[in-house]
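Numbering of the sequence shown is given in the numbering used here, commencing with residue 491 and proceeding in unit increments. We treat Cβ as the ideally placed atom computed from N, Cα and C, and that holds for glycine. Just so it is clear, the structure is predicted and the values come from calculations on it, not from any experiment. A short worksheet on the structure shown next.
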Amino acid sequence: MSALSIAGVGTSLRVQWRTGWKVVLAWVLGLTAVVLLTTTSITGLYDTPDKLRSYAETTAGPGMRVLNGAVAGTDTLGGVLVNELGFVVAFAIPLLATALTVRGTRREEEAGRLELLLASRVGRQAPLVAAIGLALAALVGVGVLTALAFLAADAEPTGSFVYGAALACLGAVHVGVAAVAAQAFGHGRTVWAASLAVALVCYLVRGVGAVDGTWVLWLSPLGWYDEVAAFGETRALPFVLSLATAALLIAAALRLSTRRDVGGSLVAPRTGPRRASAGLVAPLGLALREHRTVTLGWAVLVAVLMGTYGSLMQTVIDAITGNPDLEVWIGGDTSSIVEPMAAMFVLLLSMLIGGYVLQSLGSLRGEETSGRLELQLSEARSRTAWLAPHLLVVAGGTLVVGAAGAIALAVSTAAALGDSSWVPTLLTAAAQHLPVMLLLGGLSLALFGCAPRWQPAVWAVFAVAAVIGYMGPGLDLPAGLVEWAPFGLVGNVPAEAVDVTGSLVAGVGGLALAVLGVIGFRRRDVPHR
C-alpha cells in the first residue's frame, strides 16, 4: 500500500465523522447504556459470596452456555456481569462493526458520494482506511466505557479492562469481515447479509463448543472472546488470534479494493433478463421483488437459530437432573425448567421477527431518499396504491419468517424431548406474539409517515424493549416495567397464560399507529425535506 493510495485519509476520516457522528455515538452510547443498566441492577442482587456461588451453580448448565458462552469466573461479580451480557454482546458487537464499516464503504459507493470524494486529492484506499479506523475507534470506545462501568460496579479492575479489550478485539474481527464483504459484493444489503451470516455461524459454532467443552470453541472468534477469561485464568492467546485475524482480513480488504473498479465488486452481480416479467408491472409484484431477498435471509437465519435452540432442550434437562444441587433447585420437576426455557426461546423468536419487520419497513425510507419513490409516483399511481402492496408483502413476510422459526423451534424441541405435544404449544405461543409485531410495525410506519427522518429511532425503542424483555427479570427490574414493555405485553407464554389485555393494547395500538402513518404519508411532501 503506497503513500499515494491513502493520501487524504485524514480528509476522508473527517468527512465520515462529520456525516456519521450521530450514528457512531448512538451505537457507542446505546451499548454503554445496556452495560450500565446491567451493572447497576446486578450489583445489588449478588452482593454476598453465597449469592455469587448460587449464581455460578445455576448458570453452569449447557442451556446458559449455548446462549451466553463458556464464561469463566461466574462466582465473581465480574463473571456474573459478563454472563448477563453474553447474548447481547454476541450480536451487538458484530452489528456495530458491520454497521459502521458498511456505512463508510459500500453505502457511500452506492450513493455515488465516494466517486466525488476520489475525484479530489484522495487516494484510492483512503476512504476504506478511514471507515475501518472509525469503526475500530468506536469499538475501543465501547471497550473503555464498558470497563469503566464494570469498575463503577466494584468489579475487579484488571479483569474489567481485560474484558473491555476482549470486546474491542471481537469487534475488530467483524470489522475485517465486513470490509472484505464490502469488496466482494456490490450492494449494501448483500454485504450485511454476508456479515451477519458469518456472525451467526460464529455464534452457533461457539455454542456447540461451549456445550461440549471441546476444541470446536477455538474455531469461532466468539470462542476466543470466551477463552480470554477476564475474571478467571486470563489468557493472551485469544487476543493474539483475534488481532492476527483482524489484521489479515483488513489487509485482504485493502488489497482487494485495488482489484476492482469504484462502484464495482469482485463478485459480479447476476445479469437480469432483457425484459421485466409481467408481474413486475403491478405494484404488488414489484414489492415482492424488493422484499424477497431480505425475507428469505431472515427466514433462514431464524429457522437455523431456533432449530439449534430447540435441539438442545434435552441436553439442558440432562445437565440439570445430573447435578444434585440444581435438581434440588427445580424440585425434581423438569417441567419447571422446560416451560421457562421454551418461553425464553419464544421471546427470542419474537425479537428476531421484530428485527425483520423494522428492517423491511425501514426500506420504505430508502426508496424515498434514493429518488425511486418519486419516479413511481410520477405515474398514474396514488401514494396509497404504492404503500399498500409494500405493507401487504411485509405482513406476509412476517408470517413467513415467524412460521419458519416457530416450526423449527417446535419440531426440534419435540424431537429432543420425545414429546409431540410441544409442537402445537410452541406454534401457539409464537402466534400469540403477533400483536407485538403489529405494535412495532405500526410505530415504524407512523414515523415514516409523519416524521420520516426519525424513523431509524424505532431501532432505539426496539433495543430498549429487547433488553427489558430479555434481561429485565434477571436484573430485578420493576415487574410493571417488564410487563408493559412491548415484548412483555402478551405475557410469558407458554410458561404462563397469554395476557389478553396486553395483547389487545399491543394490537389496537399498532393499528392506530399504522393508520396515523398512512394518513401522514398521504399528506406530507415526497421527498420529505
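Exercise. Compute every distance between the C-beta of Arg871 and the non-hydrogen atoms of the ligand ATP, then say whether any falls below 8 Å.
Key: The model depicted lacks the ligand ATP and carries no ligand whatsoever.
Exercise. Find out if the Cβ-Cβ distance for the pair Ala898, Ala793 is shorter than 9 Å.
Key: yes
Quiz item: Ordered along the chain, which non-local residues of its own chain (more than five positions away) have a Cβ less than 7 Å from that of Gly822?
Solution: Low confidence applies here, because Gly822 scores a pLDDT of 48, under 50, leaving its location unreliable; read the following figure in that light. Result list for Gly822: empty, nothing under 7 Å.
Exercise. Run through the segment 703-776 for me and flag every whole alpha helix (DSSP H) of 4 or more residues, listed as ranges in chain order.
Key: 711-717 and 727-747
Self-check item: Nearest-angstrom Cβ-Cβ length linking Leu979 and Gly992, presumed shorter than 8 Å
Solution: 4 Å
Quiz item: Near Phe721, which residues of its chain fall below 7 Å by C-beta distance, leaving aside the five closest residues on each side in sequence?
Solution: Ala562, Gly563, Thr566, Gly568, Gly569, Val572, Glu646 and Gly649
Quiz item: Excluding five sequence neighbours on each side, which residues of the same chain lie with their C-beta closer than 8 Å to the C-beta of Gly498?
Solution: Ser610, Arg611, Val612, Gly613 and Ala616
Practice problem: Compute the beta-carbon to beta-carbon distance between Val667 and Ser685, rounded to the nearest angstrom, for a pair I have assumed lies under 8 Å. | Solution: 6 Å
Exercise. For the alpha helix (DSSP H) containing Thr918, list its first residue and its last residue.
Key: Trp912 to Ala921
Self-check item: Spatial distance of Leu618 from Gly999 (CA atoms)
Solution: 44 Å
Self-check item: Supposed close pair Trp912, Ala904 - CB separation, criterion 8 Å
Solution: 4 Å
Self-check item: Gly821, DSSP secondary structure in three states
Solution: Residue confidence for Gly821 is low, a pLDDT of 46 falling below 50, so the modelled location carries little weight and cannot support an answer.
Quiz item: Below 9 Å between beta carbons: does that hold for Gly939 and Arg1012?
Solution: yes
Quiz item: Since Ile740 and Ala669 are thought to touch, with beta carbons under 8 Å apart, how far apart are those beta carbons, to the nearest angstrom?
Solution: 6 Å
Quiz prompt | Chain-order list of residues whose beta-carbon lies under 6 Å from that of Gly661 (same chain, five-residue window excluded) | solution = Ile583, Ala587 and Leu629
Quiz item: Using CA coordinates, which residue listed in Leu635, Ala601 and Met796 is at the minimum distance from Tyr693?
Solution: Met796
Exercise. Determine the direct distance from the alpha carbon of Asp751 to that of Gln804, and round the result to whole angstroms.
Key: 52 Å
Quiz item: First and last residue of the alpha helix (DSSP H) that includes Gly978?
Solution: Neither: Gly978 is in no alpha helix (DSSP H) and is coded neither H nor E.
Quiz prompt | Cβ-based burial, Asp716 [other Cβ within 10 Å; buried from 16] | solution = buried
Quiz item: How many angstroms separate the CA atom of Leu452 from the CA atom of Ser531?
Solution: Nothing in the structure corresponds to residue 452, since the chain is present only between 491 and 1019.
Quiz item: Hey, how far is the Cα of Ala742 from the Cα of Glu600?
Solution: 21 Å
Practice problem: Excluding the 5 residues preceding and the 5 following Glu605 in the sequence, name in chain order all residues of the same chain whose CB lies nearer than 6 Å to its CB. | Solution: Val752
Self-check item: Buried versus exposed, by CB contacts within 10 Å (16 or more), Ile1009
Solution: exposed
Quiz item: Can the beta-carbon of Leu802 be found less than 9 Å from the beta-carbon of Leu842?
Solution: no
Exercise. Indicate the three-state DSSP secondary structure (helix, strand or coil) for Ser801 in the structure shown.
Key: helix
Quiz item: Quick check: the segment 840-859 against the segment 918-933, are there 3 or more CB pairs under 8 Å?
Solution: yes
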